[in-house]
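Residue numbers (the working numbering): 7 to 59.
Here the structure comes first, spelled out in structure tokens, and everything after it is commentary.
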């Protein structure tokens with residue numbers, strides 16, 4: 007899927023997929039850590055009944 011869509015990020019591909027199947031992805035911020043100039047974020051994304059971190 008990524009190879010056929012150069013220039014698109016995984017997030018934009020997921021949004022497009024969710025739109026195609028009629029289920030918009032939901033994002034939940036689980037953790038924000040690190041220094042202010044270089045933060046690291048952990049999100050959970052849910053599309054329908056499937057959730058991934």
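Ideal placement from N, C-alpha and C gives every residue a C-beta, glycine not left out.
DSSP places residue 52 in the uninterrupted beta strand (DSSP E) bounded by 44-53. In the structure shown, residue 32 adopts extended strand secondary structure according to DSSP, grouped into three states.
Straight across, the Cα-Cα distance linking residue 29 with residue 56 is about 11 Å.
Distance from the CA of residue 41 to the CA of residue 25, rounded to the nearest whole angstrom, comes to 35 Å. Per the coordinates, the alpha-carbon of residue 33 lies some 13 Å from the alpha-carbon of residue 18.
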